[in-house]
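There are 4 protein chains.
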Amino acid sequence: MSSTTQKLIIETARQEFAERGYGATSIRDIARRSGMSLSALYHYYPGKQELLRAIIDEGMDEYFHSCEEALAGAGDDPAGQLVALVEATVRFRAEHPSKSSITITEQRSLEPEHLAAYEARIAGATQQWAGIIQAGLDEGVFTTPHPEDARRAVIAMCNAVAQWYRPDGELGVDDLVERYVSLALTIVEYRPRGVVRRPAR
Amino acid sequence: MSSTTQKLIIETARQEFAERGYGATSIRDIARRSGMSLSALYHYYPGKQELLRAIIDEGMDEYFHSCEEALAGAGDDPAGQLVALVEATVRFRAEHPSKSSITITEQRSLEPEHLAAYEARIAGATQQWAGIIQAGLDEGVFTTPHPEDARRAVIAMCNAVAQWYRPDGELGVDDLVERYVSLALTIVEYRPRGVVRRPAR
Amino acid sequence: MSSTTQKLIIETARQEFAERGYGATSIRDIARRSGMSLSALYHYYPGKQELLRAIIDEGMDEYFHSCEEALAGAGDDPAGQLVALVEATVRFRAEHPSKSSITITEQRSLEPEHLAAYEARIAGATQQWAGIIQAGLDEGVFTTPHPEDARRAVIAMCNAVAQWYRPDGELGVDDLVERYVSLALTIVEYRPRGVVRRPAR
Amino acid sequence: MSSTTQKLIIETARQEFAERGYGATSIRDIARRSGMSLSALYHYYPGKQELLRAIIDEGMDEYFHSCEEALAGAGDDPAGQLVALVEATVRFRAEHPSKSSITITEQRSLEPEHLAAYEARIAGATQQWAGIIQAGLDEGVFTTPHPEDARRAVIAMCNAVAQWYRPDGELGVDDLVERYVSLALTIVEYRPRGVVRRPAR
DNA sequence: GATGAATGAGTTTTCATTCAT
DNA sequence: GATGAATGAAAACTCATTCAT
Numbered sequence: 001m002s003s004t005t006q007k008l009i010i011e012t013a014r015q016e017f018a019e020r021g022y023g024a025t026s027i028r029d030i031a032r033r034s035g036m037s038l039s040a041l042y043h044y045y046p047g048k049q050e051l052l053r054a055i056i057d058e059g060m061d062e063y064f065h066s067c068e069e070a071l072a073g074a075g076d077d078p079a080g081q082l083v084a085l086v087e088a089t090v091r092f093r094a095e096h097p098s099k100s101s102i103t104i105t106e107q108r109s110l111e112p113e114h115l116a117a118y119e120a121r122i123a124g125a126t127q128q129w130a131g132i133i134q135a136g137l138d139e140g141v142f143t144t145p146h147p148e149d150a151r152r153a154v155i156a157m158c159n160a161v162a163q164w165y166r167p168d169g170e171l172g173v174d175d176l177v178e179r180y181v182s183l184a185l186t187i188v189e190y191r192p193r194g195v196v197r198r199p200a201r
Numbered sequence: 001m002s003s004t005t006q007k008l009i010i011e012t013a014r015q016e017f018a019e020r021g022y023g024a025t026s027i028r029d030i031a032r033r034s035g036m037s038l039s040a041l042y043h044y045y046p047g048k049q050e051l052l053r054a055i056i057d058e059g060m061d062e063y064f065h066s067c068e069e070a071l072a073g074a075g076d077d078p079a080g081q082l083v084a085l086v087e088a089t090v091r092f093r094a095e096h097p098s099k100s101s102i103t104i105t106e107q108r109s110l111e112p113e114h115l116a117a118y119e120a121r122i123a124g125a126t127q128q129w130a131g132i133i134q135a136g137l138d139e140g141v142f143t144t145p146h147p148e149d150a151r152r153a154v155i156a157m158c159n160a161v162a163q164w165y166r167p168d169g170e171l172g173v174d175d176l177v178e179r180y181v182s183l184a185l186t187i188v189e190y191r192p193r194g195v196v197r198r199p200a201r
Numbered sequence: 001m002s003s004t005t006q007k008l009i010i011e012t013a014r015q016e017f018a019e020r021g022y023g024a025t026s027i028r029d030i031a032r033r034s035g036m037s038l039s040a041l042y043h044y045y046p047g048k049q050e051l052l053r054a055i056i057d058e059g060m061d062e063y064f065h066s067c068e069e070a071l072a073g074a075g076d077d078p079a080g081q082l083v084a085l086v087e088a089t090v091r092f093r094a095e096h097p098s099k100s101s102i103t104i105t106e107q108r109s110l111e112p113e114h115l116a117a118y119e120a121r122i123a124g125a126t127q128q129w130a131g132i133i134q135a136g137l138d139e140g141v142f143t144t145p146h147p148e149d150a151r152r153a154v155i156a157m158c159n160a161v162a163q164w165y166r167p168d169g170e171l172g173v174d175d176l177v178e179r180y181v182s183l184a185l186t187i188v189e190y191r192p193r194g195v196v197r198r199p200a201r
Numbered sequence: 001m002s003s004t005t006q007k008l009i010i011e012t013a014r015q016e017f018a019e020r021g022y023g024a025t026s027i028r029d030i031a032r033r034s035g036m037s038l039s040a041l042y043h044y045y046p047g048k049q050e051l052l053r054a055i056i057d058e059g060m061d062e063y064f065h066s067c068e069e070a071l072a073g074a075g076d077d078p079a080g081q082l083v084a085l086v087e088a089t090v091r092f093r094a095e096h097p098s099k100s101s102i103t104i105t106e107q108r109s110l111e112p113e114h115l116a117a118y119e120a121r122i123a124g125a126t127q128q129w130a131g132i133i134q135a136g137l138d139e140g141v142f143t144t145p146h147p148e149d150a151r152r153a154v155i156a157m158c159n160a161v162a163q164w165y166r167p168d169g170e171l172g173v174d175d176l177v178e179r180y181v182s183l184a185l186t187i188v189e190y191r192p193r194g195v196v197r198r199p200a201r
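Residue numbers (our numbering), protein chains in the order written: chain A, 1 to 201; chain B, 1 to 201; chain C, 1 to 201; chain D, 1 to 201.
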């Protein structure tokens with residue numbers, strides 16, 4: 001099983017897709033940049049679309065896996081769960097920008113049948129975020145008047161990390177995560193229990 | 001000057017680029033969908049790249065123009081200015097999703113010389129947001145400890161509107177704007193002057 | 001309307017398809033042999049399959065047209081009608097061997113939707129032959145005990161002409177036709193009216 | 001010698017060639033449909049052309065063998081010999097339609113050197129039919145005025161069986177043979193000896 | 001004896017663009 | 001001012017075949 005070659009192909013394709021977009025990337029480019037012949041590439045993957053699907057699937061698997069792991073260690077506390085998701089998301093976006101941007105941007109390039117599976121997973125994740133925020137509202141620890149918009153804002157902000165963050169900059173991932181966690185809690189208007197509440201204005 | 005035809009071309013190209021991406025759109029598709037011959041299209045635009053440039057330029061002109069207008073009516077107050085920018089941005093993203101998504105997504109498809117101009121304008125806009133937030137901090141009405149991240153969060157959240165908002169849904173644009181203004185102020189941790197502060201926790 | 005070019009393409013493609021078969025003919029070969037560029041060919045025909053369809057359609061149009069014409073001049077007499085069809089068929093197979101062999105052989109290369117139309121026309125023609133033979137039986141001028149097999153035999157024998165007849169040989173088309181007419185009447189066991197019958201053996 | 005595998009390959013290739021034609025069949029299709037690897041297939045056959053040659057050879061061997069056998073049991077009587085050949089041919093076409101159609105249709109796909117052998121065998125068979133018909137003429141039992149065309153007609157009609165006959169239909173092979181024997185005798189205008197002749201009209 | 005890997009030339013088709021009219 | 005014709009390069013993908021193991 002020459003999984004090394006497969007990984008090389010996937011990796012190269014991911015970079016090309018991320019840089020130029022699926023539509024503008026030629027499979028010849030991928031072969032060339034992988035240092036292999038066109039036919040060799042086709043020996044491992046049956047086509048361009050399959051390559052995209054594999055990349056998106058892998059990207060989603062990894063991302064969702066890290067979300068699950070984070071949640072598993074977070075307990076029942078909505079705030080803790082939100083923090084866990086934000087941390088997992090920001091970390092993933094920062095550490096895997098190509099995986100992230102393709103997953104987010106190239107959905108339109110998926111053929112209908114693959115798109116359906118993709119959308120189902122996204123919908124599941126959306127439900128997860130929404131459920132946590134709702135739980136926080138129910139428990140009174142989140143006080144945002146617009147939970148749906150808050151959710152969208154938190155996700156958009158986390159996802160955007162993939163587009164600007166550079167790991168060789170002055171800001172470390174851990175610090176980045178801390179800031180985004182703080183921002184997310186601000187957005188949902190987190191008011192921890194056991195703290196004296198200020199009266200409503 | 002048959003500017004009607006030009007507008008039709010631009011409009012069609014914009015939709016195709018938005019739906020499939022620049023790289024995946026063929027100039028024949030655009031001609032076909034415009035109901036005109038390939039040569040006619042070339043009579044009005046010298047090439048595909050020029051079409052993209054025109055679309056992005058127009059999109060940016062319109063967007064920045066509405067930002068300027070909003071700011072012009074906002075006075076010196078940083079909060080008011082931020083509100084103005086958020087309102088202009090959300091409104092534009094909601095009302096012109098194709099213009100928005102192309103401007104945001106297809107920068108990579110611009111050839112280097114055009115890209116430079118694009119990036120300069122974006123940088124200018126970033127400065128504008130940053131300046132306003134900084135002014136708010138200086139005046140003490142914004143209290144976010146992470147102004148740069150707050151700025152990115154606000155912009156990301158506003159931009160994302162282009163991807164999900166549907167004008168025929170139940171939420172009107174005005175309501176949408178109100179919510180996003182509120183969210184933005186939350187993100188920058190707006191504490192209006194003249195209001196009794198709660199003590200720091 | 002550059003119908004000259006179109007005709008050249010069709011003619012070339014017909015020869016190639018007839019010589020090598022649809023599957024073994026490359027569209028490059030056709031372009032090369034037509035003395036035009038690959039793209040020029042695609043300017044006139046949208047693809048290989050369409051080329052085949054046009055060729056088969058044209059071949060069938062011409063053949064069926066000549067059958068109709070022959071029948072139109074043949075009156076109500078079944079024997080005369082059969083003679084007319086045999087003459088038209090043999091003449092067409094002899095004079096247009098490429099058109100004939102493609103129409104007969106390359107049905108399998110038609111895509112399902114085109115195939116349906118083809119089969120419908122063939123079925124109609126079969127009905128025509130069958131109807132004439134049945135009429136002859138009803139009138140007592142044809143006495144074959146196996147009309148369906150007789151029909152198949154006559155058609156097969158006529159069609160085969162396309163495969164072996166060479167117009168530059170010693171046998172002229174008119175003589176050829178005469179022989180096949182005679183053979184066909186033998187096959188249906190033609191016994192003209194008004195002639196004293198020999199008693200059954 | 002794993003002749004089972006060889007037979008499987010040949011059988012599969014025959015079906016594919018018969019369905020799509022040699023030119024349109026890929027050797028990968030054959031391997032896939034045989035349930036074996038490409039390399040395994042190449043282990044048994046050195047190439048596509050060799051496969052075709054083997055199939056055609058086998059088909060001709062079998063067909064000619066059954067012709068020889070039929071003739072061997074037919075004695076010196078030209079009518080009996082013709083009947084024997086028609087029976088052998090119709091039976092073979094009906095029972096082995098793939099073998100038949102490939103042998104008939106795919107001669108053009110044979111490379112020149114193989115083609116020569118093929119044509120020699122065909123020529124031999126033609127001679128055989130012609131010889132029998134001539135003998136019948138010489139003996140006065142066949143009275144067709146066009147022996148060559150009669151021969152072609154009989155062969156064409158028999159060969160065509162491969163294209164339409166379905167063994168699961170209502171007509172059994174034995175009945176089919178009987179009809180075609182009768183038709184063939186009609187075509188050569190068989191007049192058995194010892195029967196009182198009607199006077200020429 | 002058998003196979004997965006690899007290849008280079010080939011396939012059909014589409015691309016953005018130019019040009020003669 | 002407008003268009004059909006034409007093109008060469010490139011697209012995605014498949015071909016029959018070879019070879020190292």
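Yeah, the Cβ is synthetic: ideal placement off N, Cα and C, and Gly gets one too. On a predicted model such as this, the values are computed, not experimentally measured, just so you know.
Check                                                                                                                                   : Outcome
CB contact check: Glu62 of chain B to chain A, cutoff 9 Å                                                                               : no
Rounded distance between the beta-carbons of Cys158 of chain C and Tyr180 of chain C, thought under 8 Å                                 : 6 Å
Tyr190 of chain D (DSSP reduced to helix, strand or coil)                                                                               : strand
Status (buried if at least 16 other CB within 10 Å, exposed otherwise) for Gly124 of chain C                                            : exposed
Asp77 of chain D: contacting residues in chain C (beta-carbon distance under 7 Å)                                                       : Result: empty, since nearest Cβ-Cβ is about 19 Å, beyond 7 Å.
Outcome for Glu16 of chain D when other beta-carbon atoms lying within 10 angstroms are tallied against a minimum of 16                 : buried
C-beta neighbour in chain A for Met36 of chain B, strict 9 Å                                                                            : no
Within 7 Å of chain D by C-beta, residues of the segment 129–149 of chain C in sequence order                                           : His146 and Asp149
Terminal residues of the alpha helix (DSSP H) in which Ala79 of chain D lies                                                            : Pro78 to Glu95
Ala24 of chain A versus B:Ala94, B:Glu106 and B:Gln128, residue with shortest Cα-Cα distance                                            : B:Glu106
Through-space distance from Ala184 of chain A to Glu178 of chain A, alpha-carbon basis                                                  : 10 Å
C-alpha gap between Cys67 of chain D and Met36 of chain D, whole angstroms                                                              : 35 Å
Partner residues on chain B for Glu189 of chain A, Cβ-Cβ distance less than 9 Å                                                         : Thr186
Among B:Val188, B:Tyr22 and B:His146, nearest to Ile102 of chain B - alpha-carbon criterion                                             : B:Tyr22
Within chain C, the residues that Arg108 of chain D reaches when beta carbons sit closer than 8 Å                                       : Glu19, Arg20 and Gly21
8 Å Cβ shell around Arg91 of chain D - same chain, five flanking residues per side excluded                                             : Ser66, Val173 and Val177
Proximal chain B residues relative to Ala156 of chain A, where beta-carbon distance stays under 7 Å                                     : Ala156, Met157 and Ala160
Endpoints, the alpha helix (DSSP H) within which Val141 of chain A is located                                                           : Taken as a continuous stretch (DSSP letters only), Val141 of chain A belongs to no alpha helix (DSSP H), as it is neither H nor E.
Classification of Ala70 of chain D by the beta-carbon crowding that lies within 10 angstroms, buried from 16 upward                     : buried
Straight-line gap, Asp61 of chain D to Thr126 of chain D (C-alpha atoms, nearest Å)                                                     : 15 Å
Short Cβ contact (9 Å threshold) for Val86 of chain C with Val141 of chain C                                                            : no
Endpoints, the alpha helix (DSSP H) within which Met36 of chain B is located                                                            : Where Met36 of chain B is concerned, there is no enclosing alpha helix (DSSP H), given that its DSSP letter is neither H nor E.
Within chain D, the residues that Arg152 of chain C reaches when beta carbons sit closer than 8 Å                                       : Met157, Ala160 and Trp164
Ile284 of chain A versus A:Ile30, A:Tyr63 and A:Asp168, residue with shortest Cα-Cα distance                                            : Because chain A here runs from 1 to 201, residue 284 of chain A falls outside it and cannot be looked at.
Beta-carbon contacts of Glu111 of chain C that lie in its chain and below 7 Å, excluding the five residues immediately before and after : Gln49
Neighbour flag for Thr105 of chain C against chain D, beta carbons, 9 Å                                                                 : yes
Glu178 of chain D in three-state terms, based on DSSP                                                                                   : helix
9 Å Cβ cutoff, Ser100 of chain A in contact with chain B                                                                                : no
Which of helix, strand or coil DSSP assigns to Asp168 of chain D                                                                        : coil
For Tyr45 of chain A, three-class secondary structure by DSSP                                                                           : coil
Inter-residue Cα distance where the pair is Ala54 of chain A and Ser100 of chain A                                                      : 14 Å
Chain D contact residues for Leu202 of chain C, given Cβ-Cβ distances below 7 Å                                                         : With chain C represented from 1 up to 201, any question about residue 202 of chain C goes unanswered, as that position is not in the structure.
9 Å Cβ cut-off: residues of chain B touching Ala24 of chain A                                                                           : Gly21, Tyr22, Gly23, Ala24, Arg108 and Ser109
Residue burial classification, Ser3 of chain B (beta-carbon count within 10 angstroms, cutoff 16)                                       : exposed
Helix, strand or coil at Leu110 of chain C [DSSP, three-state]                                                                          : coil
For Gln6 of chain A and Ser39 of chain D, the rounded distance between their alpha carbons                                              : 22 Å
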